[in-house]
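Below is one structure, written out as structure tokens, with a few remarks after it.
There are 2 protein chains.
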Amino acid sequence: MSTKNKILDAAESLFADKGFNGTSLREITSLAEVNLAAVNYHFGSKKELIKAVMSRYMNELSPNLQASLLVICQQENKPTLNEVFSAFIDPLLSLNVFRENGTSNFLQLLGRGYTDSQGFLRWFLTTQYPEVITNFVTAVQRAYPELSAEDIFWRLHFTMGTVIFTMSSSDALMDIAKSDFEQQVDIADVIRKVIPFVASGVGAPLR
Amino acid sequence: MSTKNKILDAAESLFADKGFNGTSLREITSLAEVNLAAVNYHFGSKKELIKAVMSRYMNELSPNLQASLLVICQQENKPTLNEVFSAFIDPLLSLNVFRENGTSNFLQLLGRGYTDSQGFLRWFLTTQYPEVITNFVTAVQRAYPELSAEDIFWRLHFTMGTVIFTMSSSDALMDIAKSDFEQQVDIADVIRKVIPFVASGVGAPLR
DNA sequence: CGTTATTTTAAACGCTTGTTTAAACTGTCT
DNA sequence: AGACAGTTTAAACAAGCGTTTAAAATAACG
Numbered sequence: 031m032s033t034k035n036k037i038l039d040a041a042e043s044l045f046a047d048k049g050f051n052g053t054s055l056r057e058i059t060s061l062a063e064v065n066l067a068a069v070n071y072h073f074g075s076k077k078e079l080i081k082a083v084m085s086r087y088m089n090e091l092s093p094n095l096q097a098s099l100l101v102i103c104q105q106e107n108k109p110t111l112n113e114v115f116s117a118f119i120d121p122l123l124s125l126n127v128f129r130e131n132g133t134s135n136f137l138q139l140l141g142r143g144y145t146d147s148q149g150f151l152r153w154f155l156t157t158q159y160p161e162v163i164t165n166f167v168t169a170v171q172r173a174y175p176e177l178s179a180e181d182i183f184w185r186l187h188f189t190m191g192t193v194i195f196t197m198s199s200s201d202a203l204m205d206i207a208k209s210d211f212e213q214q215v216d217i218a219d220v221i222r223k224v225i226p227f228v229a230s231g232v233g234a235p236l237r
Numbered sequence: 031m032s033t034k035n036k037i038l039d040a041a042e043s044l045f046a047d048k049g050f051n052g053t054s055l056r057e058i059t060s061l062a063e064v065n066l067a068a069v070n071y072h073f074g075s076k077k078e079l080i081k082a083v084m085s086r087y088m089n090e091l092s093p094n095l096q097a098s099l100l101v102i103c104q105q106e107n108k109p110t111l112n113e114v115f116s117a118f119i120d121p122l123l124s125l126n127v128f129r130e131n132g133t134s135n136f137l138q139l140l141g142r143g144y145t146d147s148q149g150f151l152r153w154f155l156t157t158q159y160p161e162v163i164t165n166f167v168t169a170v171q172r173a174y175p176e177l178s179a180e181d182i183f184w185r186l187h188f189t190m191g192t193v194i195f196t197m198s199s200s201d202a203l204m205d206i207a208k209s210d211f212e213q214q215v216d217i218a219d220v221i222r223k224v225i226p227f228v229a230s231g232v233g234a235p236l237r
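As they're listed, the protein sequences go chains A and B.
Using this note's numbering, the first residue of the first sequence is number 31, and each one after it goes up by one.
Using this note's numbering, the first residue of the second sequence is number 31, and each one after it goes up by one.
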């Protein structure tokens, strides 16, 4: 495995665990078993490393998600919100074959990016991958045409909040669920639990 | 105003803005216009300062929230989930008279605490203020008795995610809403928008 | 007033951070 | 072999961090 990939892998899991600000380059390079200076040699700076970690996931996820949403948008009969949100399941879970713990790592990284570093990652995603959001909005509009653009805006952000926050702390939550309810839960289960929640939320009656 | 309170006020708004890890004692003391060493003199350490900032809010909010939930739990007819969640509105908004921008500051702090510093604030809240959670769960159970304890657990965490995440980025979201929809939105509006969302989410049909 | 306590202050502490430097090493091609 | 690009390395850099120190300033009290 190349130095570059060793760094990316180590950075990814540490970032997901402890956030971007909370992870030092020295932790990354020592987990990756490479020299400290290798990060700046291969990526230029810590910020560029963060972008590289996120891009690796977005480039894998984005086309799958696009295809999945396209099916929803082009099907003949009006989709339900449950169907729209279920379109995320397979693309997200397929990140697990792309990389070990890919799904939860990616969602945790997303969560970190929204709270760490004062929204620079939000800028990065919305400018670098705007079509994902566009298609998603279109799909929701087809499912619930009475929703105004403004309400869609707010409810989609509520949805992102639910998903991202849940996934940021999914490890802790799964541990609690395991000890309190003696039931094994994995990331796929959590996704299946959260979808009816957000679908109902977005579909809430107006006024 | 006492040095101690100057520090608390400055720390509060900086913590809300940039997170606990992202705010240095030097930023706090320079905004508060006090000496750097004053923090360690009055609070002992940065961690204790964080606790003090949160306690100031929890001690204000907790009794109001308890009273509000008690009304719901003791009323004769079964409450709706919308009523249960609406019980949060007044106690949360009353933080605004307690302190300028109190509502959004507090909710942002909550969000920070869940993602920064690997869950030490979660421990702090659940051990120091467990009765708030207990009463809330009871209220939800009255409104939707068919929900299993496990489903309540998950859906309440989804709810916390929605609210906390939304409030963590509420400033940015309100800015976007303002420029995209030319509509003034304040924190009370956001709360009124989020309640139907989470009420519907928690009330989602089973299976 | 003088004598304690309490609070504030400037300076320094040791440590970690991201980044840079310049030398050493590796493999490739003529 | 020699030369050259690419890569790795140890060491140092300046800057920022939370915390501690000891002296100066202020307040409280008999």
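C-beta: ideal position from N, C-alpha, C; glycine also.
Computed from a predicted model, the values in this text were never measured in an experiment.
message: residue 173 of chain A and residue 108 of chain A - do their beta-carbons sit closer together than 8 Å?
response: yes
message: I'd like to know whether the C-beta of residue 226 of chain B is nearer than 8 Å to at least one C-beta of chain A.
response: yes
Delimiting residues of the alpha helix (DSSP H) encompassing residue 191 of chain B: 179 to 198
For residue 235 of chain A, the first and last residue of its enclosing alpha helix (DSSP H): Element bounds for residue 235 of chain A: n/a, residue is neither H nor E.
message: Contact between the segment 89 to 101 of chain B and the segment 153 to 165 of chain B is defined here as three or more beta-carbon pairs at a separation below 8 Å; is this criterion met?
response: yes
Range covered by the alpha helix (DSSP H) that runs through residue 93 of chain A: 76 to 104
message: Counting only beta-carbon separations shorter than 8 Å, does residue 213 of chain B have a partner in chain A?
response: yes
- request: Verify the CB distance criterion: does residue 50 of chain B have a CB-CB separation below 8 Å to chain A?
  value: no
- prompt: At a Cβ threshold of 8 Å, is residue 81 of chain B touching chain A?
  reply: no
task: Go ahead and pull the three-state DSSP assignment for residue 129 of chain A.
output: coil
- request: Would you kindly work out how many angstroms separate the C-alpha atoms of residue 195 of chain B and residue 33 of chain B, rounded to a whole number?
  value: 32 Å
- request: For residue 218 of chain B, go through chain A and note every residue whose CB falls closer than 8 Å to its CB, in chain order.
  value: What residue 218 of chain B touches in chain A: nothing, since even the nearest Cβ is about 14 Å away.
- prompt: Do the CB positions of residue 88 of chain A and residue 141 of chain A come within less than 8 Å of each other?
  reply: no
- prompt: CA-CA distance, residue 178 of chain B and residue 54 of chain A?
  reply: 42 Å
message: Please report the distance separating the alpha-carbon of residue 113 of chain A from that of residue 102 of chain A.
response: 8 Å
task: State the Cα-Cα distance for the pair residue 229 of chain A and residue 234 of chain B, rounded to the nearest angstrom.
output: 8 Å
message: Closer than 8 Å is the cut-off here; do at least three beta carbon pairs connect the segment 34 to 41 of chain A with the segment 67 to 83 of chain A?
response: yes
- request: With 9 Å as the C-beta to C-beta threshold (strictly closer), list the residues of the segment 32 to 47 of chain A near chain B in chain order.
  value: 47
task: Return the chain-ordered list of same chain residues with a C-beta closer than 6 Å to the C-beta of residue 136 of chain A, the five sequence neighbours on each side being excluded.
output: 87 and 125
- request: Could you spell out the range, first to last residue, of the alpha helix (DSSP H) harbouring residue 171 of chain B?
  value: 160 to 173
message: Against chain B, does residue 77 of chain A count as a neighbour if the rule is that its beta carbon must be under 8 Å from one of theirs?
response: no
- prompt: How close, in whole Å, do the beta carbons of residue 115 of chain B and residue 182 of chain B come, if the pair is a contact with beta carbons under 8 Å?
  reply: In fact, because the Cβ distance is near 14 Å, the residues do not count as touching under 8 Å.
Candidates B:41, B:63 and B:110: closest to residue 77 of chain B by CA position: B:41
- prompt: When the distance is taken between beta carbons, is residue 185 of chain A closer than 8 Å to residue 132 of chain A?
  reply: no
- prompt: Considering residue 34 of chain A, what are the terminal residues of the alpha helix (DSSP H) in which it resides?
  reply: 33 to 48
task: Show which residues of chain B have a CB atom less than 7 Å away from the CB atom of residue 184 of chain A.
output: 223
Beta-carbon proximity of residue 201 of chain B to residue 50 of chain B, cut-off 8 Å: no
- prompt: Using the C-alpha atoms, what's the distance from residue 63 of chain A back to residue 238 of chain B?
  reply: It is not possible to answer for residue 238 of chain B, since the shown part of chain B is limited to 31 through 237.
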